[in-house]
Amino acid sequence: MNTAKSLRLAFSFFALVTLQACATYYQQHLDFNYEFEHGDLQQALNALKGSEAESKSRFLFFANKGLLLSVLGDYEESNAFLEKAFLFGEDYRINYFNEGVSYFTNPNFTVYRGEDHEHLMVLYFKAINYLKMNQPQDALVECRRLNIRLNQLTDKYSSPHKLQRDAFIHALMGIIYQSTKDYNNAFIAYRNALDVYENEYAKMFHMTVPEQLQKDLVNTAYWTGFMDEFENYKTKFGMQDYTPVQPDAELVFFWHNGLAPVKTEWGINFVIAPGPGNTMLFTNESMGMVFSFPVEEENDRRGLAALQIYRVVFPRYVERPLYFQTANLETNGTEYPLQLAEDVSKVAFQSLRQRMLQEFAKGLLRAALKKVTEQSLRKKDEGLGALLGVVNAATEKADTRNWQTLPHSIFYSRIPLVADEKNEVKLKLLPGEGSGTDYSFTYQPQKGRTLFHTFSSLESLAPSYSF
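In mature numbering (1 follows the signal peptide of the UniProt record, and there is no 0), the protein residues as written are -23 to -1, 1 to 444.
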């Protein structure tokens, strides 16, 4: 078989395989997503393909299975899979062959290690699982790992707008310390959370300080004996008449509301023109972006310049808007609003935004390499060059993998319980319009215990952009 015929067959096969993979990651897993979004979690668990445990997307297999097992109440098994996800994201060594292939195809040929915020959420769910198993010290270990991981991530980016601290994780550490009666460390953690909410979270996410955090900070200041701080924070929060009371027992309720954003792709047109020396400039004036790439061969530079405009695709998030807007807990005739502690959706957008310049550079380098290779092949065989152009177009695809079973937002509240008695608690979920949905729970805690409960609402509104 001659070389030209072999190349044509190879290109045809490659194009066929690539075209089959044109769907987004969400679309490739419609069966799983359908079962999960409709609340049939056991069926969703069954829909997870075991073969993906060895695939380039195995981080997502481990993370999805860990999350599902957590919601289903199998906390130990959940933590085993979540730990696999975290260690894989930490320890994976780059396969430089696959990285190289991705520059001539697309990023889906590389292993998915997880987005920055996804690594943090893995440890959050591990901490929650330990709390459900009444192992607060193990939960604190996961929170400390969270802080270490966050510190590592902040060193990756030079942007002044990078996410450096997580307010909710500090608040969670305070909640755990308080549950063990370590009020001094709880106070420190709450104070750290307050600082992040008032600064980074206010600027990046337009979030306010949860009222529950204000109360917890005032309470732990009082119980630790920090009377100056107690009075200062009461004044700061407008709580002059507030008096801390220690109940027999408590419930900390976490509401996982909605679904995290889904990755899709979007394209940007770049004008291609000669630059200084042996470079070509990819420019998009409306977005203020200019990227320069060296192209040594004059004929290759002419070929690229002849294109004038080239379209490159990049990943983007599409928000799945919340269906339920607010919620509250009711017990013994008193209502306790659930308050926003972490907007996971906004954190996801910020996480991708932090590395978009890197994505732009990789995408444009990929486009330049593809076109230079195509132009070089056209010199030898016009037909093969044209065929490679078709394959290049077919393989131009963004990496749309992400952890799509995460919640959109996390809300929480703390309510007092009567020890050694059955406590009836009603959860009321309220949409933007229409009547709400009620759920009832019964708790019978021991004296001095703090119980932890999570509830997941998987409902969401239709996104403004299809995926």
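Positions of the beta carbon are idealized from the N, C-alpha and C atoms, including for glycine.
As the structure is a prediction and not an experimental result, all values here were calculated from the model.
Coil, strand or helix - residue i by DSSP
i: H15; result: coil
i: F203; result: coil
i: L394; result: strand
i: F164; result: helix
i: H233; result: strand
i: M216; result: coil
i: M98; result: helix
i: S32; result: coil
i: I118; result: Looking at the sequence itself, residue 118 is Val, so the reference to Ile does not match. In this structure, V118 counts as helix in the three-state DSSP scheme.
i: P298; result: coil
i: E92; result: coil
i: R288; result: strand
i: R126; result: helix
Buried versus exposed, by CB contacts within 10 Å (16 or more), residue i
i: I387; result: buried
i: V186; result: buried
i: V222; result: exposed
i: M264; result: exposed
i: G215; result: exposed
i: M204; result: exposed
i: H183; result: exposed
i: R121; result: exposed
i: K240; result: buried
i: residue 449; result: A query on residue 449 cannot be resolved here, the shown segment of the chain reaching from -23 to 444 and no further.
i: N111; result: exposed
i: E53; result: exposed
i: R293; result: buried
i: Y154; result: buried
i: G413; result: exposed
i: Y416; result: exposed
i: E119; result: buried
i: D218; result: exposed
i: Q141; result: exposed
i: Q129; result: exposed
i: G235; result: buried
Cα-Cα separation, residue i to residue j
i: M266; j: N246; result: 11 angstroms
i: H94; j: H6; result: 22 angstroms
i: A21; j: D8; result: 8 angstroms
i: D143; j: A179; result: 12 angstroms
i: residue 449; j: L18; result: The structure shown does not extend to residue 449, since the chain spans only -23 to 444, so no value can be given for it.
i: P113; j: P271; result: 55 angstroms
i: M150; j: A166; result: 6 angstroms
i: P422; j: S47; result: 22 angstroms
i: G254; j: L97; result: 44 angstroms
i: Q381; j: L315; result: 23 angstroms
i: R384; j: H15; result: Residue identity differs from the one stated: residue 384 is Pro in this sequence, not Arg. Taking the straight line from one Cα to the other gives about 14 angstroms.
i: S437; j: Q4; result: 17 angstroms
i: T256; j: V248; result: 14 angstroms
i: I152; j: E273; result: 60 angstroms
i: I125; j: I146; result: 12 angstroms
i: W232; j: K405; result: 11 angstroms
i: E29; j: T377; result: 16 angstroms
i: L108; j: S269; result: 51 angstroms
i: L428; j: A396; result: 11 angstroms
i: A250; j: S32; result: 40 angstroms
i: L329; j: P408; result: 29 angstroms
Enclosing beta strand (DSSP E) for residue i [first to last residue]
i: K240; result: 239 to 251
i: H385; result: It is not in any beta strand (DSSP E) - H385 carries neither H nor E in the DSSP assignment.
i: Y420; result: 414 to 420
i: residue 451; result: A query on residue 451 cannot be resolved here, the shown segment of the chain reaching from -23 to 444 and no further.
i: Y313; result: 311 to 314
i: K405; result: 400 to 408
i: E307; result: 301 to 308
i: N261; result: 256 to 261
i: F268; result: 266 to 271
Residue range of the unbroken alpha helix (DSSP H) whose run includes residue i
i: F36; result: 35 to 48
i: M181; result: 179 to 182
i: A144; result: 144 to 156
i: V321; result: 321 to 331
i: Q5; result: 2 to 5
CB-CB length for residue i against residue j, believed under 8 angstroms
i: Y389; j: F230; result: 6 angstroms
i: F102; j: L59; result: 6 angstroms
i: T308; j: E401; result: 7 angstroms
i: F291; j: E336; result: 5 angstroms
i: A237; j: V321; result: 6 angstroms
i: A24; j: F39; result: Not quite, the Cβ-Cβ distance comes to about 16 angstroms (not below 8 angstroms), so this is no contact.
i: D391; j: Q189; result: Per the sequence shown, the amino acid found at residue 391 is Arg instead of Asp. Indeed they touch by this definition, with Cβ atoms about 6 angstroms apart.
i: A148; j: A318; result: 6 angstroms
Any C-beta of chain D under 8 angstroms from that of residue i
i: L317; result: Included in the structure is just one protein chain, with no chain D present.
Check: residue i C-beta below 7 angstroms from any heavy atom of the ligand ZN
i: D225; result: In terms of ligand content, the structure shown is empty, and the ligand ZN therefore cannot be addressed.
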